[in-house]
């Protein structure tokens, strides 16, 4: 299983703060699930607390975080 955590406005957008899903080969494959259809393409992705891209391979027990882009000064 993979744990997916949503932060900030993505909680309301996707309708959950944490979700457990079956293992997928890559982060992109996981995000192809219809539950992520509303996730913007510019979402920041983290895998086990390190930024990752959609090609990152997944293994059992991984934690994925979905975060909106951040700006500030």
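In the UniProt record's numbering, the protein residues as written are 1 to 73. Backbone N, C-alpha and C fix where the C-beta goes; we use that ideal spot for every residue, glycine too.
Can residue i be considered in contact with the ligand MG, in the sense that its beta carbon sits closer than 8 angstroms to one or more heavy atoms?
i: residue 10; result: For the ligand MG, the structure offers nothing, since it holds no ligand at all.
Could you check where the beta strand (DSSP E) with residue i kicks off and where it finishes?
i: residue 20; result: 18-21
i: residue 46; result: 44-47
Tell whether a beta-carbon distance below 9 angstroms holds between residue i and residue j.
i: residue 27; j: residue 64; result: yes
i: residue 19; j: residue 4; result: yes
i: residue 39; j: residue 21; result: no
i: residue 58; j: residue 51; result: no
i: residue 9; j: residue 17; result: no
Quick one: what's residue i bridged to in DSSP?
i: residue 4; result: 19, 64
i: residue 57; result: 26
Over the uninterrupted alpha helix (DSSP H) stretch that includes residue i, give me the two end residues.
i: residue 32; result: From DSSP, residue 32 is part of no alpha helix (DSSP H); its letter is neither H nor E.
i: residue 12; result: 10-14
What do you get for residue i, buried or exposed, if any count of 16 or more other CB atoms within 10 angstroms of its CB means buried?
i: residue 42; result: exposed
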